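Residue numbers (this note's numbering): 492 to 614. In this text, a Cβ means the ideal position worked out from N, Cα and C, and glycines have one as well. Quantities reported herein were computed from a predicted structural model and do not represent experimental measurements.
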């Protein structure tokens, strides 16, 4: 009986951590913590930037999923080095995260040769 009272809550918690009932939905908002701060649309997709108290996060999301194509997303806090995710993806590059407490950040994304960027934001 003691084993069931310990194991069942652990299994339930693990199900919630791994996704629970909504695990089938794949939206870009779920890959970055925080509130949406800026979205930059461009011809082949969009750059999405999120912010919470201490961190900024960015993803590049293609308008349509399809065959693998070159994508990249870059995020840089002022005074820091850029963090880059570059590769051949079907739908999304990123997320990339930087510590951004009291610092401006800039982000850029490229999908199939088309790009968008934010300039310095969240200052």
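Between residue 559 and the rest of its own chain, which residues show a CB-CB distance below 7 Å, the 5 nearest in sequence each way excluded? Closer than 7 Å at the Cβ level, and outside the excluded window around residue 559, lie 579, 580, 581.
Mapping DSSP to helix, strand and coil, what is residue 527? Residue state, collapsed to three classes: strand.
Counted within 10 angstroms of its Cβ, other Cβ atoms place residue 614 as buried (16 or more) or exposed: By the neighbour-count rule (16 or more Cβ atoms within 10 Å), residue 614 is not buried but exposed.
Member of 568, 545, 567, 531 whose CA lies at the smallest distance from the CA of residue 551: The option with the nearest alpha carbon to residue 551 is 531.
Assuming residue 598 and residue 568 are in contact, meaning their beta carbons sit under 8 Å apart, how far apart are those beta carbons, in whole angstroms? The beta-carbon distance between residue 598 and residue 568, rounded to whole angstroms, is 10 Å. This is too long to meet the 8 Å contact definition.
When you compare the CB positions of residue 533 and residue 610, do they come within less than 8 Å of one another, or not? Going by beta carbons, residue 533 and residue 610 fall outside the 8 Å limit.
Ends of the beta strand (DSSP E) at residue 608? Segment 605-608, the beta strand (DSSP E) holding residue 608.
Beta carbon of residue 563 nearer than 8 Å to that of residue 528: Not in contact: residue 563 and residue 528 (Cβ atoms no closer than 8 Å).
Proximity test, residue 608 beta-carbon vs the ligand HEM heavy atom, cut-off 7 Å: Inclusion of the ligand HEM in the displayed structure is not the case, the ligand content being empty and no account of it being possible.
For residue 542, does the count of other Cβ atoms within 10 angstroms reach 16, so buried, or fall short, so exposed? Result: buried.
Does the Cβ-Cβ distance between residue 575 and residue 589 come in under 8 Å? Contact annotation: residue 575 and residue 589 have beta-carbon atoms that are not nearer than 8 Å.
Mind reading off the beta-carbon distance from residue 591 to residue 546? Whole number of angstroms is fine, and I expect it under 8 Å. Going by Cβ atoms, the distance from residue 591 to residue 546 rounds to 6 Å, so yes, they are a contact pair.
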